[in-house]
Every structure is written in C-alpha cells, then in structure tokens.
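Chemist: Residue numbers (our numbering), protein chains in the order written: chain A, 6 to 343; chain B, 6 to 343. Would you mind keeping the following structure in view while I ask a few things?
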DNA sequence: TGGGCTTATGTTATCGGTAACATAACTGAG
DNA sequence: CTCAGTTATGTTACCGATAACATAAGCCCA
C-alpha cells in the first residue's frame, strides 16, 4: 500500500468528468439544493459512470468529526444476550446512518483496555461497553476524550457517562425470594466465572442477601471456572458436587448451566422439580426447549442495546439523555420449579 | 461538530510537550528504532500525560490505505451460525490488529446493496459477505474497487473474489439419502424463507435430487414465510400442514424449526422417531437439549469465519489465497430419527 | 583532519475531502 | 439603466497524520 488508494475513484475524477471542481461535487453530495439542476444531473451521471463512493475517512477528518461509527465492546457474540444487545443497538443506529464497530473482549478486562485504546484511534462517536467495572486507565481515557459512553447490563451511580441496565443483585434477590416463597429451604447457588464476570458477582450478593432475610442457610457456593461463554456441559459437570450439599433447589447464573444440570439430573434419575427445583438466568431460547421448561429471570437484552443506542445518538446531537436507565427484568415461572 | 475534534489531543500537542516536531512523534509511534532513546522517552511521557490516541483516520488517509478494518455483512447475529462466523472472523483478525465492522442485512438483498455502498465509504480493506447471490450492481462495485471479498456459507465457481463454504445442495442431498437409508419412504421437506435465503433454496434442490435418485416421492414442499431469523414456533405451527402429506420423516432446513416440530409432535402424541423421524440443519446447541436429541447436519460456522479472515488477510498482504475453500459438513445422527 | 557514512530530526507536499470566504453571472425593483 | 441581492461555482486553507527528501551532527578510518 504505497501512496494511493487501490482502485477507488476520487472525487476529482468525478469532477473532471462533469466539468466542475471537486467542491461542486462535494456540494452535490451533501446539499444538492445548492447545485444547479443541470450540473447536478451531470455530476450524478459522472458518479454512476465512475462508481464513485465517497471517502468517509477523508470527509470525517475534514469535517472534524468522527466517522459516524459507534463502537460496541461485548464479551462475546456467542452468548445470545449480547447478540440481542447488538441487534438492539444496530436497530437504533441504522436509521441515523451510523455504523457499528464490534469488539469481543472474551470477558477479559485487559482485552477491554486494549480494545478501547485501539478503537479510540478510529474516533468513534460513541461507545457501548458491557458491565460497569473497568480499569481506572480506561475510565480516565474515556472521560477525558469526552465521547458518549454507555455502560450496560448493570447499574451504578458512578458511570463514566451513562448506564443502561438493571440490577443483577436485585434480580437474583428476587428470584431467590421467589424460590423461598415456593417452599424451597436449601437453595444452592452456582455462579459463572465471578472473577471475570461482575454480573455473576452481583447476583451472588443478591442471593446471599435474600437467604439472610429469609433465614435460610447459605450453602457452599459453586463457581464455574472457565472465563468463556457458558457451556451446557459445565452445568452437567458441576451437578454432582452441588448435590453433595443436599439442596432442594439450585439457582444457576445462566440458563445454559441450568439446562445442563436438568439433563444430568435426568440421567441420574432425579426428578425435576419434584425432588430438585432448578432455576436459571437470562430466559434464553433453550429455556423453553428443555423439559421441564426452565424457570428463569427474563432480562431485556435487546432493549438494553436499543436504549443505549438512542441515548448515545441523543448525546451526539447535544440533546439530553438520562444518566441512568433502568430496564425491567422479570421472573418467569415455568416447570423446573414447583 | 465544527472544525475541531472534541477533546482528542493531537500529535502536535504531544510534540510540543516533548520538544520535537510531529514527524518525530509519528516515527516514535511507528518505527521507534529510528528515534533516539532519550527522545523516545520524552515522547512516551508526553503521550501518557496528554492521553494521546493516534487518529487512525488521518493516518490511513495519509498512508493511502484503508483503516485496518474488515467489514462483515451477515443476515443477523441472532442466528448462532452467523454469530459463530463472526467469532471465527474476529479471532483471525485480532492478532493482526484489524477491526471488525459489522452490518446486519436482515436477509434483505436491498439492504445488503445499501450497506455495501455505505461501508465502502469507510474504505475497509476486506469484505465478508453471506451467500453467493447478489445484485449485479454490488458485484460490479466490489470488483471494480478491487477490495478482497470473501463470500461465505455456499460455494460457487464464479465468486466476486473468493468463497469459503460448503455445498448446501450436497449437504441436503446427503441428509436425504441418509434418511432414505434408514428406511424412510415419505420424506417431507420444510424450507426456510427460500425467496430471501438462497441456502434454503439450494437445500431444496439437493433434497429433490436425492429423492429422484432414490425413487421416492416428492411430497408437497412447505416454506416458512417470514424473512427473519427462524423461530421455534414457526416449526410447531407448520407441523399440522406437513402431517397432511402423511410423511414418515420431515427434514427441516433449520434445527430451530425441527425443535418446534418435535415439541408440537409431543403435544399431539406423535412418537418421534417411532412414528415420525425428524431431521434438522446446523447442529445448534438446542439440538442436544431437545428430547429426543436431534439428527442434523453439522456445519462449520466458526471455521468459515476464521478461514475467510485468514484469506482476506493473505490477500491484503499480497500472498496467494485460494479462490475456493470448501469446508466439510457432516451428518450427525441422534435420536430424532430411527 | 577531512570527506564519506550513519544517525537523528526537520521540512515540504500530500492523502481526499469540507468550511469559509470570494467571485461571477443573473435577477428585479426603483 | 443601475445597484443591491440572489444563485451557482470557484479558491484557499486546513483536518491530522505520513512519505520522501533534506539537513545537521556525530563517527570512523585513511
């Protein structure tokens, strides 16, 4: 790649073909009303002929703005809830002509730091980040440059800029209380990799608080290790250990684990929900495919993405946008609990 | 956004702070070996102090290249197979410092045309496209600009540039033959929205060819209408109509439909696979969650993305890359067929 | 000790556009 | 008929960086 773009025609070529200067072509593209109809026609024809596509990089540089892109950093698209978020965001962005640049952090905080810096160099006009816990360095950087930032999937009173999400603690609390209300006494909790996943951590806090309030025993808490997208097998593998605690219900921080556990319970001849209640989190598609259908917490992945997108766009336009948007979750009672 | 970027510090500020010209800063960043160790230290300090992040837009413009981005256009991230492709692509790109710009076409060809043009303005260095059928306008445009393009999820002898995928026709053919081999005589076929989904179309062709070869009757072919990501309910809803054809097996173009059908069959008291065999396509996670576990065609979503990424990068570097990469699929026999 | 070579840094032009101002041609009212 | 106001287009400077070339020290060996 030396000093000239591949085969992209430039505005200058269009201009020459139409017998005008580049400025007139530029105007024809961004404010056609200011160009004589006849000239406009010639320019349009020239654009067609050359297959000209404006260079947004150059345009943005000159206009002094960003490139009409929003950057989203999520742990992985493999997880349906984040895919939902992306779809929601994408839906918010499209009508305004904004593009989505996607980065996967693999649940790794260092990776997020690296990606923020790297993506910043592309001068996005906004950021969607997952979670609310991050390195001070990244916080500072983002604050300093003053780009609209939405943190998602959790709430906090001290966002970098804005938050869109729900309280994972409250959600887990609510589910635990609900389970207690169904008569379960020994409710176990199986967490995702809490070291790298703050959402899992908050859920554990909510679970503990609920047990204390209800006067129920806190059983040994199990944590699934791998900092990656959850796998059904993980849930199956951990079930035996959890059973050693003699729980009458198990609350998993992900439907995926819960499904694995149900399958494993079936293999072991344990009746769900008769002998053992099982609850998940997220309300994924598999929750209604597994038999018995899974009791879980429905979380609004798509709305989070959409609202986040709307808020970022509002900020860009200089309109007011809420610092905190709480999106409601809900308990979905199905057949895996009594 | 007037004439100056928000709060992003510029190289000039770093330069002043370090007591050098911008050129020296630029060098410190891209070829530090050419800068005196002492100067380098001062520059690094200045960068830290200012929180400077290079403006890749300007850099790319000047260097005459693209912005180290690859654009991927997929129907939707909602569908796990495309999420897989994205993950694979992302994995290939990351080590080389390339960024991924994502567009969702919603299975709409016109949307794809619009997105290709829009994304082209960002001067990506490569494109990943889904499928091999597209408007001549888009084909021409992409050919003309000479950007590396990989078309995916199908094969063709006349790609715009490169293809990475497998033959959907062959895959469906193989599954149909396999079903015939298990003794099924009246094999029905339920297609996804074939008007907007060429993959579904090709699978139908494979299915028909197999039946003809096996001397089996072609039953009425059912097509699920909505041009969107498949839903479990669609499969359940269509089952009664399909049953009117008295099939002894049904081959769905997606696991998602197949799962819905299995659930509906259970509701109706039809024994799967005893009275009715059911097969899907894609080998999604739900295929092993549903009971009986689903017989399906395993397709290599992640590999497709990864290989596509590798090929694009090879092209960018001027290395040879295969015009056609066939990635193997496989039949996965489980319990939903006899 | 001086000219050739290396090393470190600066200068100038340029990437492909757009903002702001300048100018030329045309319009219409007094 | 003239001059102000409009409309259509051109000129110049600049966005933030990098390539290519230029220059100034420092170094070495004959």
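Glycine included, every Cβ here is placed at the ideal spot set by N, Cα and C.
Please list, in chain order, all residues of the same chain as residue 177 (chain B) whose beta carbon is under 6 Å from its beta carbon, the five residues on each side excluded.
Modeler: 208, 211 and 212
Chemist: Can you name, in chain order, every residue of its own chain whose Cβ lies under 8 Å from the Cβ of residue 335 (chain A), other than the five neighbours on each side?
Modeler: 302 and 303
Chemist: Starting from residue 102 (chain B), trace the beta strand (DSSP E) both ways and give me its first and last residue.
Modeler: Counting along the chain, residue 102 (chain B) falls outside any beta strand (DSSP E), and DSSP gives it neither H nor E.
Chemist: Using a Cβ cut-off of 8 Å, which residues of the segment 106 to 128 of chain B contact any Cβ in chain A, in chain order?
Modeler: Of all residues in the segment 106 to 128 of chain B, only 106, 107, 108, 109, 122, 123, 124, 125, 126, 127 and 128 come within less than 8 Å of chain A when Cβ atoms are compared, listed by chain position.
Chemist: Check whether chain A comes within 8 Å of residue 56 (chain B), counting only Cβ atoms and requiring the distance to be less than that.
Modeler: yes
Chemist: With distances taken between CB atoms, is the gap from residue 284 (chain B) to residue 257 (chain B) smaller than 8 Å?
Modeler: In this structure, residue 257 (chain B) lies closer than 8 Å to residue 284 (chain B) by Cβ.
Chemist: Which residues, in order along the segment 58 to 80 of chain A, keep a beta-carbon less than 7 Å from a beta-carbon of chain B?
Modeler: 58, 59, 60, 61, 62, 63, 65, 66, 68, 69, 70 and 72
Chemist: Please return the same chain residues whose Cβ sits closer than 7 Å to the Cβ of residue 175 (chain B), not counting the five positions on each side in sequence.
Modeler: 211
Chemist: Residues in its own chain within less than 8 Å of residue 91 (chain A) by CB, not counting five upstream and five downstream?
Modeler: 77, 79, 82, 105, 107 and 310
Chemist: Any contact between the segment 127 to 144 of chain A and the segment 272 to 284 of chain A? By contact I mean 3 or more CB pairs, one from each, below 8 Å.
Modeler: no
Chemist: So which residues of chain A does residue 229 (chain B) contact, with C-beta pairs closer than 8 Å?
Modeler: In chain order: nothing, as chain A lies at least about 16 Å away.
Chemist: So, is residue 322 (chain A) buried or exposed, given that buried needs 16 or more other C-beta atoms within 10 angstroms?
Modeler: exposed
Chemist: Name the DSSP beta bridge partners of residue 133 (chain A), please?
Modeler: A:77 and A:155
Chemist: To the nearest angstrom, how far is the alpha carbon of residue 41 (chain A) from that of residue 307 (chain A)?
Modeler: 45 Å
Chemist: If we ignore side chains and look at the alpha-carbon of each, how far apart do residue 33 (chain A) and residue 125 (chain B) end up?
Modeler: Whole-angstrom Cα-Cα distance: 19 Å.
Chemist: So, does the CB of residue 332 (chain B) fall closer than 8 Å to a CB anywhere in chain A?
Modeler: Not one chain A Cβ lies under 8 Å of residue 332 (chain B).
Chemist: In whole angstroms, what separates the C-alpha of residue 237 (chain B) from that of residue 226 (chain B)?
Modeler: The alpha-carbon atoms of residue 237 (chain B) and residue 226 (chain B) are separated by roughly 19 Å.
Chemist: Residues bridged to residue 3 (chain B) by DSSP?
Modeler: Since the first residue of chain B shown is 6 and the last is 343, residue 3 (chain B) is not available in this structure.
Chemist: Going by the DSSP bridge assignment, what does residue 274 (chain A) pair with across the sheet?
Modeler: None; residue 274 (chain A) has no bridge partner.
Chemist: Assuming residue 289 (chain B) contacts residue 261 (chain B) (C-beta within less than 8 Å), just tell me the rounded distance between them.
Modeler: Correct: roughly 7 Å between the Cβ atoms.
Chemist: Are three or more beta carbon pairs between the segment 13 to 28 of chain B and the segment 47 to 56 of chain B nearer than 8 Å?
Modeler: Look at the beta carbons and you see the segment 13 to 28 of chain B touching the segment 47 to 56 of chain B: at least three pairs across the two are nearer than 8 Å.
Chemist: Assign residue 245 (chain B) to buried or exposed, taking buried as 16 or more other Cβ atoms, counted over all protein chains shown, within 10 Å of its Cβ.
Modeler: exposed
Chemist: Please check if any C-beta of chain B sits within less than 8 Å of the C-beta of residue 92 (chain A).
Modeler: Residue 92 (chain A) counts as touching chain B.
Chemist: Along the chain, where does the alpha helix (DSSP H) containing residue 310 (chain A) start, and where does it finish?
Modeler: 306 to 321
Chemist: Going by CA-CA distance only, name the one from B:338, B:57, B:342 and B:171 that's closest to residue 148 (chain A).
Modeler: B:57
Chemist: Can you tell me whether DSSP reads residue 194 (chain B) as helix, strand or coil?
Modeler: strand
Chemist: May I ask you to list, following chain order, the residues of the segment 261 to 275 of chain A that have a beta carbon less than 7 Å from some beta carbon of chain B?
Modeler: 264
Chemist: Closest to residue 315 (chain A) by C-alpha separation, out of A:294, A:120 and A:167, would be which residue?
Modeler: A:167
Chemist: Tell me the DSSP secondary structure of residue 266 (chain A) in three-state form.
Modeler: helix
Chemist: Does DSSP put residue 299 (chain A) in a helix, in a strand, or in coil?
Modeler: coil
Chemist: Just the C-alpha distance for residue 133 (chain A) and residue 43 (chain B), rounded to the nearest angstrom, thanks.
Modeler: 38 Å
Chemist: With a threshold of 16 other CB atoms inside 10 Å of the CB of residue 73 (chain A), please say whether the residue is buried or exposed.
Modeler: buried
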